[in-house]
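This is how it looks when you write it as C-alpha cells:
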C-alpha cells in the first residue's frame, strides 16, 4: 500500500507549533497566541483535505502511513483513518482553534506554556484517533494526560490540584490495566501467528479466537480504561472535579474530545477484538449506561453551579452514546457516532458560554444571576441555542443522535428489551428540565443582583467563536447525512465483526 | 597472562580505567590542585573506556584463565557504568565546592568503584564477582563519607559499611556452599552440573544466600533498610552513583552469574523467591515514598520500587526478561542520574534545599530545571513517550511470556501508586507559587550533564529499537 504522509503531517503540525513557541519571547503575548492559532488552523485545513479525499464507500483504513518503528518487537508506526476516526479527528481540529480563540483574554498568565500544552494536547488527541498499532495508540493515550494535567493544574480553579491529580490517577489506573491486556494480546498473537504484533488489523483476525473466559477478562481490562474515560457510571467521579476546576478551554477539550476517546476505544477495540465478550457484557454495560443517563440528569438538576450542571449533563449524554454502542444495531451505533460529535459541539458551546459569563462576573452560581436577558441579549440567545441543541430539540443536532440511539436500542436483538429505551428516553425529558430550568433562572425574571448591572454582552471575538459551532449544530440537525454517510460503512463493518461467526484458531493458522 | 595481543585489546576497557587510576594517584600525590584537573581527566578516562567498549562489542571472548568475559552485553554494561560515572563527574565539578569536599581523591575513588563494577559485569567466576563487589563497595563506603567533618555523611558511610559488610558475608557464605557442592567456582562448570545439583539442598541454599547478598546491593525489600539513610547522608552526586551504576553493577552480577540458568529455564526453582521480593519491593517502595518529605529519601524509596520492577524481569527468567532488564537498567540510570543531578544542582550550602518544599514554585523561578525534572519524574513514573515507559513495557512482556501475568498486573498497580509521589514533585514545582527566594548556584557542567541525561531519556523512549536490537543481538 502506498504511504500517505497527510496524517503524519497532521500529528506533527501542532507538535512543531508547540516547539516553535519555545523560541518566542514570553513577553510577546499576541505573537504567541497567533502562532498557536495559526498552527491549529493549518491542522484544521489539513484535516479538511483528508475529509475531502476520503472515500465514503469503503470501510477500509485510508490515508495509511506505515513503517517499522521498533523492529525487535515488530512495532509499527501505523496510522490511518476510517469513517469513525475521521469524524473525531475533524472534531478535534475544529474545536482546538476555537478554544484557543476563546481563551484569548481569559488566560492571562503563562500564555506561552498554555498554548504549548494546548498544542501538545492536540497532537495527542489526533494521535489517539489515527493510531492503528496498539502500542502507538497507548503512547498517545498516556502522553496526552501530561498536557491536560498541566492545563487543569496550572490554570484551573481553587481545587485545581486535587482535580488534576484525581484525573491523572483515575485515568492512569485504567490504562495501565489496558497495557497489560495489550501485551497479553501481543503475546497471544505471537503464539498463534508466529510473530509478535500490536497491529490492530492483524489483531482483528487473531483476537476473536481467544477463548471466551479470557476474552471476558480482556474485555474488562480494555473496557475499564475506556469506561473511566467516558465516564460510565459509577466511574464518573473524577469528571465533575476535573470539569469544574479546569479553565474553559480545558473543559471544552475535555468534554468535547477527551471523553470521546473512551467511546471511540469501545468501538475501535472492545467490540471487534472481543466479540463474544461484547455480546456477553452488552446488557450490563447498557444497564450502567441507562443508570448514568438518569443519574447524571437527576444530579445535574440539583446543581447550583452552572459548570457542574453542564459537567453532569455530560455523564447523562455519554450514557446515550454507550447505550447506542452496546445496542449494536446499525441505527444505534450510527446514532452513537453522531451523538459523540453532537455532544462535542453542544456541550463545548455550553462550556464556552459559561466561561464567557464567568469571565465577567467571576461567579458560576445560578442564584447569582437572573434577568440578564435584557442586559446581554446575544449571550442569552446563544445560551438558549446551545441548551436547546443539548436538550435534543428536533431540527437541531441533538435530536438526530438521541433519536437514532433510542430507535436502534428499541430494535436491538442484543438487548432484547424495550425497557432500556423506555428508561433512556426519560433522560431526554430530564435534560429539558434541568437545562431549561437553569436557563430560566439565569436569563429570565428581574435583575436581583445589583452587581450584574453594566454587564457587557459578548464581544465580536466571542460571537465569532460561537458561529461555526452553531452552523454545525443546525447543519447536523437538518441534513445529518453529510456526517452519517462518512461513518456508515465503518459502523456496519464493526457490527459485522461482532456478529461474524468466530473463526477458529486452526483456520487462521491454515490460511496464514 | 595474555595469550595474544587480541586478548589485551579485549581487556582494554578495564586497562584504561586501571591506568587512569595509577595516573590519577600520581597526579594527586604531586599536585596541590589535583582536584581541578582530575575531574576532567576522569571524564576523559571514563568516556574513552566507555566508547571503546561500545565500539568493540564484537570482541567476544573469555580470557584470563576463564575468569573474564569480554564483548557483547558485558560491554553494554561497561558503557552504562562509565557513562554514568562521567555524568557524575560533570555534576561533581561544581557540587563538591558547594559541598565542601573539594578533594582529588573523590575522582580516584570513582574510578576504582567503576573498575570494581566492570569486574562484576565481566565475571565468569564467583571469585571475580567477589573481587569486583569488594572493590566497588569499599570505594563506595569511602565516597559516602568523603566529607568526614559532616555528621550525616559519616553516619551514612558507617551504616553503609556495616550493612554492606553484612551483605558481603551472605555472598561469601553462598559462594562457599556453592563451591562445596559444585566443586568449582567457574560459572560454566557450575551450569554444566546444574541438572545434578538442582536437587541438592545445600547448593540451593548457597544460591539463595548469594541472591540475598545481592538483594542488599540492589536495594530490594526486605534488604533495603540502609538505602534511605545512606542516600540522604551521602553527597547527592554520590547517591546518584549508588542508585544507578551501583545498582546496575549488582544486577549485572546476578545476570552474569545465573545467565545460563536463566536462559535454560532452570531458574524456575528461584522464581518464587524473586517474585515475592519483587512484589514486596515495588509496593513497599511506592507506598513509603509517598510519606517522604526529603527528596533524596523519596528517590531512595523510588529506587527500591524500581528494584522491584527489575526483579520482575529476573523472575520471568527468559531471554526477553534479561534483555528487558538491561534496557531498563540503561533507562533507569539515565533518568535517575538526571533526577539526582537536578537535586545536586538545587541543593544549597550545608545541605539546604533538600526538602520537597524547597521545590515549590521552581517552575517559575527555574523553568529549565523544573521542566527537566518533570521529564525525569514522568519517565520514572513510566509515562510514555519516555524511556522509563518502554523499560516497563518490555519487562511486562517478559513476565507475560513467562505466564506471570499476575506479576505484571501487580507491577502496573504499583506504578499507579508511584505516579502519585512522582507527580507530587511536579505539583509543587508548577501548581504552587513560592514565597521565599531560592538561590541556585550556576553550574554549566552540571546543567550539561542533566541535559545529556534528558536527551537520552527522550531518545530511548522514542527510538528504543536501536538499543534493544543491540542488546538482543549481543545477549
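Chains as they are written, first to last, in our numbering: chain A, 1 to 512; chain B, 1001 to 1475.
Glycine is no exception: its CB is placed at the ideal position from the N, C-alpha and C atoms.
CA-to-CA distance, residue j to residue i, given in whole angstroms
{"i": "residue 79 (chain A)", "j": "residue 201 (chain A)", "result": "11 Å"}
{"i": "residue 96 (chain A)", "j": "residue 47 (chain A)", "result": "12 Å"}
{"i": "residue 1006 (chain B)", "j": "residue 1119 (chain B)", "result": "19 Å"}
{"i": "residue 350 (chain A)", "j": "residue 1369 (chain B)", "result": "39 Å"}
{"i": "residue 327 (chain A)", "j": "residue 262 (chain A)", "result": "17 Å"}
{"i": "residue 1220 (chain B)", "j": "residue 108 (chain A)", "result": "48 Å"}
{"i": "residue 509 (chain A)", "j": "residue 1411 (chain B)", "result": "Any reading at residue 509 (chain A) must be qualified, since the residue scores a pLDDT of 47, below 50, and its modelled position is unreliable; no value is offered."}
{"i": "residue 601 (chain A)", "j": "residue 301 (chain A)", "result": "As shown, chain A starts at 1 and ends at 512. That puts residue 601 (chain A) outside it, with no answer to give."}
{"i": "residue 1156 (chain B)", "j": "residue 210 (chain A)", "result": "54 Å"}
{"i": "residue 511 (chain A)", "j": "residue 203 (chain A)", "result": "Caution is warranted here: a pLDDT of 45 is assigned to residue 511 (chain A), below 50, making its placement in the model unreliable, and the coordinate value is therefore given only provisionally. Looking at the two C-alpha atoms, the distance is approximately 15 Å."}
{"i": "residue 1440 (chain B)", "j": "residue 1348 (chain B)", "result": "7 Å"}
{"i": "residue 123 (chain A)", "j": "residue 213 (chain A)", "result": "37 Å"}
{"i": "residue 25 (chain A)", "j": "residue 19 (chain A)", "result": "13 Å"}
{"i": "residue 1301 (chain B)", "j": "residue 1133 (chain B)", "result": "23 Å"}
{"i": "residue 494 (chain A)", "j": "residue 269 (chain A)", "result": "10 Å"}
{"i": "residue 35 (chain A)", "j": "residue 431 (chain A)", "result": "39 Å"}
{"i": "residue 311 (chain A)", "j": "residue 1165 (chain B)", "result": "60 Å"}
{"i": "residue 1159 (chain B)", "j": "residue 1399 (chain B)", "result": "35 Å"}
{"i": "residue 409 (chain A)", "j": "residue 1383 (chain B)", "result": "39 Å"}
{"i": "residue 344 (chain A)", "j": "residue 53 (chain A)", "result": "24 Å"}
{"i": "residue 1126 (chain B)", "j": "residue 191 (chain A)", "result": "38 Å"}
{"i": "residue 386 (chain A)", "j": "residue 347 (chain A)", "result": "8 Å"}
{"i": "residue 447 (chain A)", "j": "residue 105 (chain A)", "result": "26 Å"}
{"i": "residue 93 (chain A)", "j": "residue 63 (chain A)", "result": "17 Å"}
{"i": "residue 1171 (chain B)", "j": "residue 1203 (chain B)", "result": "13 Å"}
DSSP beta-bridge partners of residue i
{"i": "residue 65 (chain A)", "result": "A:79"}
{"i": "residue 133 (chain A)", "result": "A:199"}
{"i": "residue 416 (chain A)", "result": "Bridge partners of residue 416 (chain A): none, in fact."}
{"i": "residue 1062 (chain B)", "result": "B:1069"}
{"i": "residue 1186 (chain B)", "result": "B:1125"}
{"i": "residue 365 (chain A)", "result": "A:305"}
{"i": "residue 1294 (chain B)", "result": "B:1355"}
{"i": "residue 70 (chain A)", "result": "A:75"}
Neighbourhood of residue i by C-beta distance below 6 Å, restricted to the same chain and skipping five residues each side
{"i": "residue 504 (chain A)", "result": "With a pLDDT of 49 at residue 504 (chain A), under the threshold of 50, the modelled position of that residue is not reliable, and no figure is offered here."}
{"i": "residue 1080 (chain B)", "result": "1248, 1330, 1333"}
{"i": "residue 563 (chain A)", "result": "The requested residue 563 (chain A) is not part of the displayed model; chain A covers only 1 to 512."}
{"i": "residue 1344 (chain B)", "result": "1091, 1095, 1236, 1237"}
{"i": "residue 354 (chain A)", "result": "306, 307"}
{"i": "residue 507 (chain A)", "result": "Per-residue confidence for residue 507 (chain A) stands at a pLDDT of 46, beneath the threshold of 50, marking its modelled position as unreliable; no derived number is given."}
{"i": "residue 251 (chain A)", "result": "243, 351"}
{"i": "residue 218 (chain A)", "result": "181, 274"}
Own chain residues within Cβ distance below 7 Å of residue i, not counting five before or after
{"i": "residue 198 (chain A)", "result": "75, 133, 134, 135, 182, 186"}
{"i": "residue 1306 (chain B)", "result": "1332"}
{"i": "residue 1326 (chain B)", "result": "1073, 1076, 1471"}
{"i": "residue 1058 (chain B)", "result": "1071"}
{"i": "residue 480 (chain A)", "result": "338, 400"}
{"i": "residue 1154 (chain B)", "result": "1145, 1148"}
Own chain, CB closer than 8 Å to residue i, minus 5 neighbours either side, in chain order
{"i": "residue 1043 (chain B)", "result": "1086, 1089, 1090"}
{"i": "residue 196 (chain A)", "result": "73, 74, 186, 187, 189, 190"}
### Query
Quick check: the stretch 1097 to 1108 of chain B against the stretch 1137 to 1156 of chain B, are there 3 or more CB pairs under 8 Å?
yes
### Query
Do three or more CB pairs link the stretch 1134 to 1143 of chain B to the stretch 1178 to 1196 of chain B at distances below 8 Å?
no
### Query
With contact counted as at least three CB pairs below 8 Å, one residue from each stretch, are the stretch 1210 to 1217 of chain B and the stretch 1317 to 1326 of chain B in contact?
no
### Query
Between the stretch 1312 to 1338 of chain B and chain A, which residues of the former have CB atoms less than 7 Å from a CB of the latter, in chain order?
none
### Query
Listed in chain order, which residues of the stretch 1403 to 1419 of chain B have Cβ atoms closer than 7 Å to some Cβ of chain A?
1405, 1408, 1409, 1412, 1415, 1416, 1419
### Query
When the Cβ atoms of the stretch 1367 to 1383 of chain B are set against those of the stretch 1333 to 1346 of chain B, are three or more pairs found closer than 8 Å?
yes
### Query
Of all the residues that make up the stretch 1427 to 1452 of chain B, which are near chain A by a beta-carbon distance shorter than 9 Å?
1427, 1430, 1431, 1432
### Task
Give the residues from the stretch 255 to 278 of chain A that approach chain B closer than 9 Å (Cβ to any Cβ), ordered along the chain.
none
### Query
Does the stretch 1110 to 1130 of chain B come close enough to the stretch 1240 to 1256 of chain B to have 3 or more Cβ pairs within less than 8 Å?
yes
### Query
Taking contact to mean at least 3 C-beta pairs separated by less than 8 Å, is the stretch 1460 to 1475 of chain B in contact with the stretch 1353 to 1361 of chain B?
no
### Query
Do the stretch 370 to 380 of chain A and the stretch 1008 to 1022 of chain B touch if we need at least three Cβ pairs shorter than 8 Å?
no
### Task
Would you list, in chain order, the members of the stretch 122 to 139 of chain A that have their beta-carbon closer than 9 Å to a beta-carbon of chain B?
135, 138, 139
### Segment contact flag, the stretch 415 to 426 of chain A with the stretch 335 to 343 of chain A, C-beta cutoff 8 Å, min 3 pairs
no
### Task
Inspect the CB distances between the stretch 89 to 103 of chain A and the stretch 234 to 242 of chain A and report whether three or more fall short of 8 Å.
no
### Task
Check distances from the C-beta atoms of the stretch 66 to 83 of chain A to those of chain B and list, in chain order, the residues that come in under 9 Å.
68, 69, 70, 71, 72, 73, 75
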